[in-house]
Amino acid sequence: MSGYTADTRIRWTESLPWVAALAFFFIFPEYLSLGARVLIFILFALSLDLILGYGGIVTLGHSAFFGLGAYTAGILSAKLGINEPFLQLAAAAGMSALLGLATGAVILRTRALTLLMLTLAITAILLEIANKWSTMTGGADGLSGVQVSPILGLFRFDLYGKTAFLYCLAALFIGWFVIRRIIYSPYGAMLTGIRDNSTRMHAIGAPVYWRLVLIYTVSATMAGIAGALLTQVNQFVGLNVLGLEPSGDILVMLILGGVGRLYGAFVGPVVYIIVQDTLAKQYPEYWYLGIGALLIVVVLFARGGILGLFDQWLSHFKPKSSARASAL
Amino acid sequence: MILYVISVGLSVTMGLMGFINLAHGVFAMAGGFVLSSFMARFGVPFPLALLSAFVLVAAFSVILERLLYSRLYRAGELAQVLFSIGLIFASMAVARLFYGDRAVPVFLPDYLRGQLQLLGRDFPTYRVFVIGFALVIILTLWFTVERTRWGAMVRAAVDHRAMAQSVGINTSLLFMATFALGSGLAGLGGALGADILPVQWAYPFEHLVYFLIVVAVGGLGSLRGPFIAALLIGVADTACKYWIPELGAFLVYAATIAILLWRPMGLFGVRA
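Below, the structure written as structure tokens:
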């Protein structure tokens, strides 16, 4: 996990994900819908990184916001006939922010196992609602019939997912920019302080509780937007966006990439979803075995995830730059 | 009651040892599988199969504890949560490889089938047996933890590990034994409940939320906490699904949130 750094200039390495994404767009036009899914999960992982990696809030219920955003966008379109994409995004963001604020204000007073259980219970409740309130959410069959108008009235969602990919990429870029600003701001430094030693932050007079509620709300908003994007791209919402499973998945993705280092959220979903897509269809048993074993190995031997290992590897070559590399 | 036997084991590991072990259901599942395969393939009688479920799962957990868990006692909660999720995934995959997609069959002996007349009403014999068995476990456990030297040593080691070590208690061995006991109880619970909660590969994940609720609501480190919580949750869940099926499990979760907000350490939590 990295801490506060005074050097906030954007380094050239930070353009690599965007170059890679654009290159992907031109090189693999037949995989663009998979690519859009990866981008959405990167945004989701980024939002989780904000509270887990920087705020130090361990949650098993982040899917609550993702799912709420997904269902908000879906219901707006399928039940109320509002197909304007930005309106759907805004509504999803608003709903998730409200839920984040409301639940965050209540549950962030607790810690450790209790906090974990509360986050889990909240997403479980939303799952029950989505499951039982089938007139609104479609229940176990999912909500189909979601329609999205052309973006800005110009770009239609096409069959090959070109528009979807670029649309998600744009959303991710904005999300990344906002999050980057947050974590390099004095507020971000305060969050890192709370994560590392909340007692001391209390002692120097930081309003720990309100800072955590704020970051929880921001993170919830981002997760809600990611959920709405998923609905718009798939034109469908299912129960699999809520509950323990998506929360666990996104946690695994983030951990694999490296938690608390911003770009870990980029690496994790890419690796996870691509491997899942190729492996899981043929050998679902081995996929779970592999992912389970990998998690255990990461926890025991490589806390920094893939990027952490990469840093270590780099530092073998350039001992002096290791401080900079770990600040990434 | 099944919920209790399984989660009291969890309360032992999680509460007494302070390890967030989400993979507890894995041991329960293992217990169920041991029971089923011993009875179906080797014709072992039911009581012996139950015993072997306890012993084998405990032995298996000792291996895991030595290899993996013991490295993480001092790690943060995030590492523990992730580690146990990883263990759940891996064990689910292994279970699926060995036992396939369907739930394993459990053949109860004849003397536990049928109905039992109690107070003028009919009860399934097996459920009565399970309840009685659980009561015996509760009493034994309570006696062990509260009244024996071993129990005192465990409590001392949990309260202040360094101090316990310095008065000559081998805490590493002690924790290993405690962990084995907790996991063995989970295995026993899984085996006992195999007839009621079908044992199949997704078991650790499906019931995870219930185990956790029972322990969190009951309070860490207490033995009667999970007992009362399991009763509450079990009754509330059944009643809720019976009277107002539209709400489903909604009420259980809502109650969990309410209780945890009211008493963050659980109903009978020890540490404030």
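Chain order of the listed sequences is A and B.
The first sequence maps to residues 779 to 1106 in my numbering.
The second sequence maps to residues 3 to 274 in my numbering.
Glycine is no exception: its CB is placed at the ideal position from the N, C-alpha and C atoms.
In this text, all values refer to a predicted model and were calculated from it rather than measured experimentally.
Residue i: contacting residues in chain A (beta-carbon distance under 9 Å)
i, result
"Y75 of chain B", "Here the premise fails: no neighbours, minimum Cβ distance about 13 Å."
"L89 of chain B", "G1070, L1073, I1074"
"L84 of chain B", "L1029, V1030, I1033, L1073, I1074, V1076, V1077"
"L234 of chain B", "By Cβ distance, chain A contributes nothing, its closest Cβ being about 15 Å from L234 of chain B, past 9 Å."
is_contact[residue i, chain A] using C-beta, thresh 8 Å
i, result
"R273 of chain B", "Caution applies to R273 of chain B, whose pLDDT of 49 falls short of 50 and renders its modelled position unreliable; the value that the coordinates give is listed next. No, its Cβ sits nowhere closer than 8 Å to a Cβ of chain A."
"A256 of chain B", "yes"
"V28 of chain B", "no"
"V138 of chain B", "no"
"I65 of chain B", "no"
"V96 of chain B", "yes"
"L214 of chain B", "yes"
"R68 of chain B", "no"
"A92 of chain B", "yes"
Neighbouring residues, chain A, relative to residue i (Cβ below 7 Å)
i, result
"F145 of chain B", "What F145 of chain B touches in chain A: nothing, since even the nearest Cβ is about 27 Å away."
"P266 of chain B", "T888, T892"
"L263 of chain B", "V884"
"A2 of chain B", "In the structure as shown, chain B begins at 3 and stops at 274. Residue 2 of chain B is therefore absent and cannot be evaluated."
Presumed contact (8 Å Cβ cut-off) between residue i and residue j, rounded CB distance
i, j, result
"F943 of chain A", "A814 of chain A", "5 Å"
"L896 of chain A", "M873 of chain A", "With a Cβ gap of about 19 Å, L896 of chain A and M873 of chain A do not count as contacting."
"G884 of chain A", "L214 of chain B", "Note that residue 884 of chain A is Val in the sequence shown, not Gly. V884 of chain A to L214 of chain B, Cβ: 19 Å. No contact."
"H840 of chain A", "I960 of chain A", "With 8 Å as the limit, H840 of chain A and I960 of chain A do not qualify as a contact, their Cβ atoms being about 17 Å apart."
"R973 of chain A", "Y832 of chain A", "6 Å"
"I994 of chain A", "L886 of chain A", "A quick correction: the sequence has Tyr, not Ile, at residue 994 of chain A. That pair is a contact at about 6 Å."
"P964 of chain A", "F844 of chain A", "Contact doesn't hold; Cβ gap of about 29 Å is too wide."
"G878 of chain A", "T999 of chain A", "7 Å"
"V156 of chain B", "L1067 of chain A", "Not confirmed; about 34 Å, so no contact."
"L990 of chain A", "I835 of chain A", "7 Å"
Short CB-CB distance (under 8 Å) between residue i and chain B
i, result
"L891 of chain A", "yes"
"A823 of chain A", "no"
"Y1064 of chain A", "yes"
"M895 of chain A", "yes"
"E808 of chain A", "no"
"L846 of chain A", "no"
"L826 of chain A", "no"
"G1086 of chain A", "no"
"L1017 of chain A", "no"
"L1022 of chain A", "yes"
"L944 of chain A", "no"
Beta-carbon proximity list for residue i, same chain, < 6 Å, skipping 5 on both sides
i, result
"A799 of chain A", "L947"
"Q167 of chain B", "T173"
"P1047 of chain A", "V816, F819, I820, A823, M1031"
Residues that residue i bridges to, as DSSP identifies them
i, result
"S185 of chain B", "Answer is none; S185 of chain B lacks a bridge partner."
"V1015 of chain A", "A:L921"
Close beta carbons around residue i, own chain, < 8 Å, minus the five adjacent residues each side
i, result
"L1085 of chain A", "G1035, G1036, R1039, Y1041, G1042, V1045, L1106"
"A238 of chain B", "L253, V254, A257"
"S1099 of chain A", "For S1099 of chain A, the predicted structure reports a pLDDT of 46, less than 50, and the residue's modelled location is therefore unreliable. The matter cannot be settled from this model."
"V1019 of chain A", "S841, F844, G845, A848, Y849, G1005, L1008"
"A165 of chain B", "At residue 165 of chain B the sequence reads Met, which differs from the Ala that was named. Only A158 meet the Cβ criterion."
Chain-ordered neighbours of residue i on chain B, where CB pairs are closer than 7 Å
i, result
"A899 of chain A", "Y255, T258, I259"
"T915 of chain A", "Chain B residues near T915 of chain A: none, gap ~13 Å exceeds 7 Å."
"L817 of chain A", "What L817 of chain A touches in chain B: nothing, since even the nearest Cβ is about 24 Å away."
"L1067 of chain A", "A92, A95, V96"
Close-in-space but distant-in-sequence residues of the same chain around residue i (CB under 7 Å, 5 per side omitted)
i, result
"G1016 of chain A", "G920"
"A1103 of chain A", "Note that A1103 of chain A has pLDDT 45, beneath the 50 cutoff, so the model's placement of it is unreliable and the number below is only indicative. D1089, L1092, S1093."
"A55 of chain B", "G33, V36, L37, G189, L190, A193"
"G1021 of chain A", "S841, T901, A902, L905"
"A949 of chain A", "L821, I1003, L1007"
"V28 of chain B", "L89, I90, S93, P206"
"A870 of chain A", "G847, T850, A851, G1002, I1003, G1005, A1006"
"F40 of chain B", "V46, A51, S54"
"I87 of chain B", "L24"
Partner residues on chain B for residue i, Cβ-Cβ distance less than 8 Å
i, result
"G1026 of chain A", "I87"
Any chain E beta carbon closer than 8 Å to residue i
i, result
"S39 of chain B", "Among the chains of the structure shown, chain E does not appear; the protein chains present are A and B."
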